[in-house]
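Read through the structure below, which is laid out as structure tokens, and then see the notes.
Residue numbers (the numbering used here), protein chains in the order written: chain A, 21 to 898; chain B, 3 to 375.
Okay, structure coming up:
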């Protein structure tokens, strides 16, 4: 189905008016208008036309009515596979619904028939599921809505998916699956924690605890049993042993053994005493032999040693002499080197002294030259300074204040001006002489012809031939006070300057300028001669004069002197090095000599000691013979004693062995007595232990516990298996269910994926299998609930989801328009553009009608632009 | 002529720790009361003596009440003579037991604690081979060959395995099986093996008079032995003495068999059930449904028995498409069932994993049945 036109009359703000939106085409249609322009009204009217029965007046319908009352009329032209139709509904008053075939104008259906026609269009009906896909302002489709709306939408989605993919119940297992999973979880929960450990307080945990308790108990009892058996064994052995020990013939034989051993011991001891006496005698004889032997050997050794020593002493004396000579040689070499070094050093000193003196002479000559130059400069500077001082005095005299000339000029001009104006105010006379007339004298001066002459206070004209004519101006007194003041001012200024008039002043100024120039020149000259001032120059001269006139006359070649110094340095170094080189050989020679001396002394000492021991040389032979004879006689005595001792020893009984054997038989006797006592004690103790343990029937308890433990083990194993089985079952069920869900939602995901790709990078969506709407998204490997996303993203997802469903419908040959009423309120412009890309892509097979107030944002987005025009319903329709 | 009862392995005092609490008491009591039943069969058959060939007591240190009550019961059946031989469970090593028994024994109880002839009655000599320790490590009956008894009838009394079979495996010391012939015995009464075995005409294991385990699958019996004269062939009659029946009942199943329906034919009738400890050892193949039904039937019948258990170790689960259909014909449940079925047959998995998958499938089946109803 597609909508081609929408018209409404008397709806909300259009009281008594009608508007029409004509020419809605395929693809994206945009009705963009400011708020309160009737855009939402159109949307609501369209919604009412499709979803509100004409006969009812629920609040959605009442809302359509204008404040002023009247009957809302809504009309839409649609295109379906069956042709083009016009749907009309009037609400509240004159309720009616009609369906007209546009081509023929034939009334197809009206009232309830018409409602059914419309319902078939939007809800499916025999032709299968269909519907329009709405997204309203602010409704992102993902939040709470009225249950019936939600349910209706869900049913549309579900029916769509069902037609494509089969019954949801059949695919996901539905309620049976849920019940089974519930049962498995509940049963598992009774035994185990979520991590499959025994659950505290549960039977599994109880069995495990039981097992642990039984194991411990079994171990304890097993030990008790082992202890008891051990005690029994020990008692048996103890009894056996005691019987043996207590037998009377055994006792008697032990006693007899002791007596025999004691007698043997007595006899052996007597023999042993005799042996010891002879041994002592022999030892004494051996001592004497050893002493004689030692003396003879020492004497012979001393003889040999003395011979060796006198030979060595001769050699040592020889070596000592050689070494002494060598030391003397070394000493001489060092002395020579030292003398050489001293001579070289003297030479070095002389050379250095000469070089120093040459230097000093050169510096003195330099100073003398400097002094001469400076003296000349000082004289010249003194002269220049005098001229400068005279110039400066002259300049001071000529100097005038800067503005004096200006002031004088101004006063002159003022006087002239004042004089002129006084002149103008005066009466004047003019006499034009007749030719040949005599000159008239004015105040004694002939009056010029034809010239105006002012008359000061009075003027006496002498008219030749006539008389004197006195003219009086009769000006008020002080009329020329200003003039008089100015003239007085000039006079005083001139007096101050010491000149007579302005030209004279100007003359002096010129002179002063010349003088200043010459003074400046002199100053420059002086600075050149004495840059730091004359006194400094003078001090410089004094300093140079004070320098002692050195040995100026000393002449010599400094380079040669320097060379002599270097040569002397080298010689000194060479001499000193030679001396240093000789040093170590001297000390080595001294050391060697010392050693040789020491060796000589040592040998000499040893030899004299030996000589003392050996006695005089002529008696030595006899002494040696006497010592040898003594040794031989001692040897004979020792041999005799040894033979006797051997005889005694061969027949000696072993006291130790007899003693040991006595000890042994005694210990046997004592040991037997002690052992018997200990055994009796042990038996008493064992009897007590065994009796008490036997009465406790520990072995029975042990066997019982063992059986119980085995049973408990089997029980725990059964629980373990049970838990494993339930866990496996749960896992498999979950796996199968999520696989089924994925399969079920695959068609819509297939449609959604390319659309998502246009808006978001790497985002995938998980659908809720109940609502069949997005439940969470996965991006960057993390799951996020839809509820937590931004409003913009939610509305975009909402629209994309509907577009995906619409595509699914279209693919199924049941295209339905998607209507968006300000559905992009949260989205920024960039996203809106991308949304529109998605819409346009979609619109190739799809009608999309967008209502929006965001004129600017939507202006650039393309699509078919819709306009509202006034509309008057047919008279018949009204 | 001599008439006596040959029995062994009473194991008095055994506690049956692996059984349910109340059953334990009953089993223990049955062991004690077997003394009375032995006396009864002896009296009924005119025997003068009861020869107990070892393991009269379960442990080396039975509780004093067990010991005293046993002696009291034997005394009660005076003048019947009881001859008690130490076995491996109550060997002479437990000297305290034998000391106490010797101290407390009534006149009609003889303790065969030494390898020396005992005159049972004029002209009849008992040659006992008491177990000296738990594992003597030698054939204790050897001495019988050299024992002089004059003209008297020679009856050997011993405890232990012949050849290699034994209650306790891996025991090396064995009694020569032809000891009776070699030692000129008229009869060799043996104990240790809990089932009755005739080794030869003159050598027998009596078996226990009151079974205590599933192993032998036979009722408790004692042997009535009659020997007319020295050298005569002994006449041996088994007599039932057991109170409880311990049985393992095989239940071989074919895929189409209905195990649950076959079960009642297998089980004993009426009051006998209370005295029965039964194991149904199912084997062969069964569908999930059959298996589930069999388990349910066993569970349903169990309370009537002292013990009734179903062993399914030998039972292969046959899983057919029909079974899976009962879970679901398609969809996620069917998918889950198929995953489990494949897993239960997957040779790459361990046996334990396969078993868990199989059990999970059976569980899914039963849940699905419940969810459907």
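Note that beta-carbon positions come from the ideal geometry of N, C-alpha and C, so glycine has one too.
- Residue range 268-418 is occupied by the alpha helix (DSSP H) that includes residue 396(A).
- With contacts defined as CB atoms closer than 7 Å, residue 506(A) and residue 438(A) qualify as a contacting pair.
- Close CB contacts of residue 531(A) within its chain, under the 8 Å cut and outside five residues either way in sequence, are with 418 (chain order).
- Each residue's CA atom was taken as its position, placing residue 464(A) and residue 489(A) some 12 Å apart.
- Under DSSP, residue 279(B) takes part in a beta bridge, and its partners are 248(B), 309(B).
- Of all alpha-carbon atoms in 113(A), 619(A), 839(A), 767(A), the one lying nearest the alpha-carbon of residue 89(A) is that of 113(A).
- Between residue 138(A) and residue 21(A), the C-beta spacing is not below 7 Å.
- Shown in chain order are the members of the stretch 89-105 of chain B whose Cβ falls below 8 Å from a Cβ of chain A: 95, 96, 97, 98, 99, 102.
- Residues of chain B whose Cβ lies closer than 9 Å to the Cβ of residue 257(A) do not exist; the shortest such Cβ separation is about 11 Å.
- Taking 7 Å as the CB threshold, residue 343(B) stays off the interface with chain A.
- For residue 567(A), no beta strand (DSSP E) encloses it, and the DSSP letter there is neither H nor E.
- Distances from the alpha-carbon of residue 87(B) to those of 125(B), 9(B), 40(B) put 9(B) closest.
- In this chain, the alpha helix (DSSP H) harbouring residue 825(A) covers 811-831.
- With respect to chain A, the C-beta atom of residue 15(B) has a partner C-beta closer than 7 Å.
- The beta carbon of residue 728(A) sits closer than 7 Å to some beta carbon of chain B.
- Taking C-alpha positions only, residue 46(A) is separated from residue 783(A) by approximately 30 Å.
- Fewer than three pairs of CB atoms, one per stretch, sit closer than 8 Å, so the stretch 228-245 of chain A makes no contact with the stretch 758-767 of chain A.
- Of 335(B), 336(B), 240(B), 283(B), the smallest CA-CA separation from residue 316(B) is found for 283(B).
- Sequence-distant partners of residue 289(A) (beyond 5 residues in either direction) whose C-beta falls short of 7 Å from its own C-beta, in its chain, are 675.
- The three-state reading of DSSP puts residue 83(A) in coil, since its state is none of H, G, I, E or B.
- In the structure shown, residue 667(A) falls within a helical segment according to DSSP collapsed to helix, strand and coil.
- With its beta carbon less than 7 Å from one in chain A, residue 358(B) belongs to the interface.
- Proximity of residue 313(B) to chain A, defined by a Cβ-Cβ separation below 7 Å, is not satisfied.
- Residue 581(A) is a Cβ neighbour of residue 375(A), given a cutoff of 7 Å.
- Residue burial is scored here from C-beta neighbours: residue 280(A) has fewer than 16 other C-beta atoms within 10 angstroms and is therefore classed as exposed.
- In the displayed model, residue 545(A) falls within a helix according to three-state DSSP.
- Only buried fits residue 61(B), as 16 or more other CB atoms lie within 10 angstroms of its CB.
- Taking residue 100(A) as the centre and dropping the five residues before and after it, the same chain places the C-beta of 21 closer than 6 Å to its C-beta, in chain order.
- The alpha-carbon of residue 219(A) is positioned some 34 Å away from that of residue 216(B).
- Nearest CB-CB separation between residue 294(B) and chain A: not below the 7 Å threshold.
- Along the stretch 64-76 of chain B, the positions whose C-beta sits under 7 Å from a C-beta of chain A are 64, 65, 66, read in chain order.
- Within the same chain, and ignoring the five residues on either side of residue 525(A) in sequence, the residues whose Cβ sits closer than 8 Å to its Cβ are 420, 424, 425, 428, 514, 517, 519.
- Residue 651(A) places its beta carbon 7 Å or farther from that of residue 295(A).
- Per DSSP, the beta bridge partners of residue 52(A) are 872(A).
- For the stretch 17-41 of chain B, the set of positions with a beta-carbon nearer than 9 Å to some beta-carbon of chain A reads 17, 18, 19, 20, 21, 26 in chain order.
- Using a Cβ distance threshold of 7 Å, residue 308(B) and residue 278(B) count as a contacting pair.
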